[in-house]
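Presented below is the structure to which this report refers.
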Amino acid sequence: MKTLLHTCCAPCSITCVDTLRQEGIEPTAFWYNPNIHPLKEYKMRKNTLVEYAASIHMKVIMENEYGLRKFIEGIYPDFDHRCGFCYNIRLEAAAATAKEKGFDSFTTSLLISPYQNHELLRRVGEEMAEKYDIEFLYRDFRPRFREGQEMARELGLYMQKYCGCIFSEEDRYTKKKKEKKDGE
Ligand code: SF4
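Residue numbers for the sequence shown follow the working numbering, beginning at 30 and rising by one.
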């Protein structure tokens, strides 16, 4: 089976790829993440994936769009409920590309993260599967999240400190500030 693995970053892809390969499924990575800001961060994550994919002989399809304006327009003005839009644009692109290029199915490395809204992701994946008439290969990769992060550290891969959008970067500082305040 040929599956298109929407890939949010190299560290998250490690055990997703391994799990799929153990099942006899060869994934092709698909890079489309217009939610990652600023540009320096976007490039770091993209380049890390390209290098990592080459090291494990995995093909990559690149949709290289730094989508700051489109993303902000899409989530305005409800910045606190932004993840649905973010999942929609990425999984829609994955489903459309998988269909267009003759894959049997598509999936996403976002399914490995305990920090994502897993049920919403699943729902969006299934909606896109129906819309583009292609299978959404649902897997709960979460049990191997820590293992994957550990492997990424050992490999010396770039590890990001926030989810991706500029608001998640803001959350990181707000949280830190709150933790500091709570500890005072
Ligand atoms: S927090 Fe993460 S998933 Fe949610 S909108 Fe930002 S980048 Fe996307």
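Backbone N, C-alpha and C define an ideal beta-carbon position, used for all residues, glycine too.
Within the same chain, show all residues whose beta-carbon is closer than 7 Å to that of residue i, passing over the 5 residues directly before and after it, in chain order.
| i | result |
| --- | --- |
| residue 190 | 201 |
| residue 120 | 35, 137, 153, 154, 157 |
| residue 166 | 32, 134, 135, 136 |
| residue 151 | 167 |
Find out if the Cβ-Cβ distance for the pair residue i, residue j is shorter than 7 Å.
| i | j | result |
| --- | --- | --- |
| residue 79 | residue 116 | no |
| residue 65 | residue 181 | no |
| residue 60 | residue 91 | yes |
| residue 63 | residue 186 | no |
| residue 45 | residue 195 | no |
| residue 125 | residue 161 | yes |
| residue 163 | residue 128 | yes |
| residue 58 | residue 83 | no |
| residue 114 | residue 143 | no |
Whose C-beta lies closer than 8 Å to the C-beta of residue i among residues of the same chain, with five residues either side of it excluded?
| i | result |
| --- | --- |
| residue 112 | 145, 146, 149 |
| residue 48 | 168, 170, 173 |
Would you say the beta carbon of residue i comes nearer than 6 Å to a heavy atom of ligand 3?
| i | result |
| --- | --- |
| residue 103 | The model depicted lacks ligand 3 and carries ligand 1 instead. |
Which residues share a DSSP beta bridge with residue i?
| i | result |
| --- | --- |
| residue 56 | 32 |
| residue 165 | 135 |
Within a Cβ cutoff of 6 Å, which residues of the same chain sit near residue i, ignoring the five residues on either side of it in sequence?
| i | result |
| --- | --- |
| residue 96 | 63 |
| residue 77 | 39, 186, 187 |
| residue 193 | 64, 65 |
| residue 67 | none |
| residue 71 | 65, 95 |
Contact criterion: CB-CB distance below 7 Å. Does residue i meet it with respect to chain D?
| i | result |
| --- | --- |
| residue 102 | Given the protein chain composition of this structure (a single chain), no chain D is represented. |
Problem set entry | Complete runs of the beta strand (DSSP E) confined to the region 117-152 [at least 3 residues] | Along the length of the region 117-152, whole beta strand (DSSP E) runs at least 3 residues long occupy 134-137, reported in chain order.
Problem set entry | Sufficient close CB pairs (3 or more, under 8 Å) joining the region 128-137 to the region 165-174 | Segments in contact, yes.
Exercise. Is the region 100-107 touching the region 79-91, taking contact as three or more C-beta pairs under 8 Å?
Worked result: The region 100-107, when compared against the region 79-91, does not touch it at the 8 Å Cβ threshold.
Problem set entry | Contained alpha helix (DSSP H) runs [length at least 4] in the region 68-113, N- to C-terminal order | Listed in chain order, the alpha helix (DSSP H) runs fully inside the region 68-113 are 68-84, 97-104, counting runs of at least 4 residues.
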